[in-house]
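First up is the structure itself, then whatever we jot down about it.
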Amino acid sequence: MSLTAAEPMGEPFIHLAGVQKTYRTRGAGLLAISEATFDVEAGELVSLVGPSGCGKTTLLKILAGLHPYESGKVRIGSPSQPFDPSRDIGMVFQQPLLLKWRRVIDNVLLPAEILGLPMAQSRARARDLLALVGLKGKEELYPYELSGGMQQRAAIARALIHDPKLILMDEPFGALDALTREKMNIELLRIWEEAKKTIVFVTHGITEAVFLGTRVIVLSAGPARMADNFRVELPHPRTLEMKTSEAFGEYARRIYKLLGME
Amino acid sequence: MGGHPQALQRYALAVLSHIGLLVAWYLFVKLGEVPKFVMPSPYETVHALLVPNYRWPENIAVTTVEIFGGYILAVVFGIGAALLFSWFRWLEMAVMPLLVSLNMIPKVALGPLIIVWFKYGIGPNAMMAFAICFFPIVLTTARGLREVEPDLLDLVHTLKGSRWQLFTKIQLPGALPYVFSGMKVAAILAVAGAIVGEFLGSDRGLGYLMLQVQVTLDTAAMFMAVILITLIGVVLYGMVLALEHMLVPRDARIS
């Protein structure tokens, strides 16, 4: 199985080759990921799609440097895009996980505080980012005063505060209602285009994966196996009408088929 | 803001129900012609304050010192122990099960022992309050320090944040609502602890006074003592509540 990026241009920003991960439970080894191999170019928004429990999150955490793995290679960064693992990762989780005792702006500033960045500049940047994610005027509110979608917007601003090169998102809109989710998808694409980040987006939503991704990587379940890796040739900016287009349907069917749902 | 008139209404109703109880008490005693030694009227109860022999100010001071002293010690040692547990996992694993077992002891049953070991007085009574307050504080604080969202841990780890940063920015502020929940429970228990201590052995304090006037059937003085003990508890509880309002934003509080 050799799945590489469709058009490798020089050295890719992320390079995974033959990554394997086993969980040990009661002596028995449970293979969580087998042979994950793919590249991500700088500036791409790659959707990682697969059924629940297929190891998507594990793969994301390996990229974040949070999980060890047995074999294979993970390299992030390239000569043109040097990568500092402590400063160049922004994380967004399924839950916003804002700190209840901090105002919105102070939540956004958390990574800057941990990294010891100059506070005055970071504060100004936090205001800009909150405006970028559509939370202008909400800086001084507490998280409980925001809706679920707004909280997740704040969490995205928090992931951007230290200007990381790579944003890892683990089903960030999975806990939102369907309409808010659609809206957040469009917002994310806008933020991605403005902030010019590389994003790896984990989801189990097939249409979400196609709609957002410049590329989709499909993982099949137990153990996570690379099932497909293809470029999504839909124009940008993406619009909701595209979801009903023939091309979109083709991509979605391709994933459904791989996951054995057709 | 928008709920202001509603909040006002709630306060008014709460005050009314308190006044209602006083009126009911008065009417019950007057209309039922209840003898004074069974149940004094509100007026007679307040009147008991005028008996100089009862040395109210001194007794109030003694009981207050016992309650606050034992309580503050329990807060300091309870939170301190919970912090040590969160820093040294092995210590928690060794000591926590022991604390859970010791918590099963009815602390009141330790009273006679405390008297044997430390004689009676303000110190041993404060110790009684301490013994009864310590456990809820240490148990809830330890629990609060343990409950950190795993994803938040990951967030700090990707930024290579230090353990100290994790503690000061996430763990400790996240545990505060639990700390206050334990402190509020303990505030009520502290009063009971100190009074039981005074019942078992003392020569001063409102609990001691109650035993004295029981002999002479001065029920009005007993009523007054109970009211004063309750008020000390209310003041303590109110102070804890005020501190909580200062340190913990509304949504994070555990009621």
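If you read the sequences in order, they're chains A and B.
Taking the working numbering, the leading residue of the first sequence gets 3, the next gets one more, and so forth.
Taking the working numbering, the leading residue of the second sequence gets 88, the next gets one more, and so forth.
By construction, the Cβ of each residue, glycine as well, lies at the ideal position given by its N, Cα and C atoms.
If you're wondering where the values come from, they're calculated on a predicted model, not measured in any experiment.
### Query
How about residue 241/B and residue 171/A: do their beta carbons lie closer than 9 Å?
no
### Query
Looking only at C-alpha atoms, which of 76/A, 123/A, 54/A and 43/A sits nearest to residue 23/A?
76/A
#### Entry: For residue 38/A, three-class secondary structure by DSSP
strand
### Task
Look at the alpha carbon of residue 161/B and the alpha carbon of residue 168/B, and state the distance between them as a whole number of angstroms.
10 Å
### Task
Compute the beta-carbon to beta-carbon distance between residue 336/B and residue 140/A, rounded to the nearest angstrom, for a pair I have assumed lies under 8 Å.
Residue 336/B to residue 140/A, Cβ: 15 Å. No contact.
### Task
Note down the Cα distance separating residue 234/B from residue 259/B, rounded to an integer number of angstroms.
10 Å
### Task
Check the Cβ of residue 144/A against every Cβ in chain B and list those closer than 7 Å, keeping chain order.
336 and 338
### Message
Rounded to whole angstroms, what is the Cα-Cα separation between residue 134/B and residue 106/B?
### Response
19 Å
### Query
Under the rule that 16 or more other beta-carbon atoms within 10 Å means buried, what is residue 49/A, buried or exposed?
buried
### Query
Do you know how far the Cα of residue 247/B is from the Cα of residue 46/A?
25 Å
#### Entry: With 16 other Cβ atoms within 10 Å as the buried cut-off, status of residue 4/A
Note that residue 4/A scores a pLDDT of 41, beneath 50, so its modelled location is shaky; the value from the coordinates is reported in the next line. Counting Cβ neighbours within 10 Å, residue 4/A comes out exposed, since fewer than 16 surround it.
### Query
Just curious, the beta strand (DSSP E) that residue 100/B is in, first and last residue?
Taken as a continuous stretch (DSSP letters only), residue 100/B belongs to no beta strand (DSSP E), being part of the alpha helix (DSSP H) at 91-118.
### Query
If the cut is a Cβ gap below 7 Å, which residues of chain A does residue 236/B touch?
99
### Task
Report yes if the CB atom of residue 39/A is closer than 9 Å to the CB atom of residue 61/A, and no otherwise.
no
### Message
Which residues in chain B have a C-beta closer than 7 Å to the C-beta of residue 95/A? List them in chain order.
### Response
238
### Beta-bridge pairing of residue 23/A - partner residues as DSSP gives them
35/A
### Cβ contact check for the region 318-325 of chain B and the region 167-186 of chain B: 3 or more pairs under 8 Å
no
### Task
Identify the contact partners of residue 252/A in chain B, using a Cβ-Cβ distance below 9 Å as the criterion.
Ordered by position in chain B, no residue passes the 9 Å Cβ test against residue 252/A, which lies about 35 Å from the chain.
### Task
Compare the C-alpha of residue 142/B against each of 331/B, 311/B, 325/B and 245/B and name the closest.
311/B
### Message
Could you pull the DSSP bridge partners for residue 16/A from this structure?
### Response
42/A and 78/A
### Query
Looking only at its own chain, which residues have a Cβ that is under 7 Å from the Cβ of residue 171/B, when we skip the five neighbours before and after it?
178
### Task
Consult DSSP for residue 217/A and reduce its assignment to one of helix, strand or coil.
strand
### Message
Looking at the secondary structure, which residues open and close the alpha helix (DSSP H) in which residue 92/A lies?
### Response
Taken as a continuous stretch (DSSP letters only), residue 92/A belongs to no alpha helix (DSSP H), being part of the beta strand (DSSP E) at 91-94.
### Contacting positions in the region 57-73 of chain A - beta carbon closer than 9 Å to chain B
63, 66, 67 and 68
### Query
Between which two residues does the beta strand (DSSP E) carrying residue 247/A extend?
Counting along the chain, residue 247/A falls outside any beta strand (DSSP E), and DSSP gives it neither H nor E.
### Message
For residue 89/B, would you say it is in contact with chain A, using Cβ-to-Cβ distances shorter than 9 Å as the test?
### Response
Confidence at residue 89/B is low in this model, with a pLDDT of 48, below 50, so its placement is unreliable and no value can be given for it.
### Test: residue 252/B CB closer than 9 Å to a CB of chain A
yes
### Task
Excluding the 5 residues preceding and the 5 following residue 301/B in the sequence, name in chain order all residues of the same chain whose CB lies nearer than 8 Å to its CB.
309
### Task
Give me the Cα-Cα distance between residue 126/B and residue 306/B, rounded to the nearest whole angstrom.
7 Å
### Query
Distance, Cα to Cα, residue 41/A vs residue 161/A?
22 Å
### Rounded distance between the beta-carbons of residue 205/A and residue 51/A, thought under 8 Å
6 Å
#### Entry: Endpoints, beta strand (DSSP E) assigned at residue 326/B
Unbroken run through residue 326/B is the alpha helix (DSSP H), 306-334; no beta strand (DSSP E).
#### Entry: CB-CB length for residue 316/B against residue 278/B, believed under 8 Å
6 Å
### Message
Using a Cβ-Cβ distance cut-off of 9 Å, determine whether residue 88/A contacts chain B.
### Response
yes
### Message
Taking the alpha carbon of residue 261/A as the reference point, which residue from 221/A, 186/A, 155/A and 96/A has its own alpha carbon closest?
### Response
221/A
#### Entry: Within chain A, the residues that residue 300/B reaches when beta carbons sit closer than 7 Å
In chain order: nothing, as chain A lies at least about 48 Å away.
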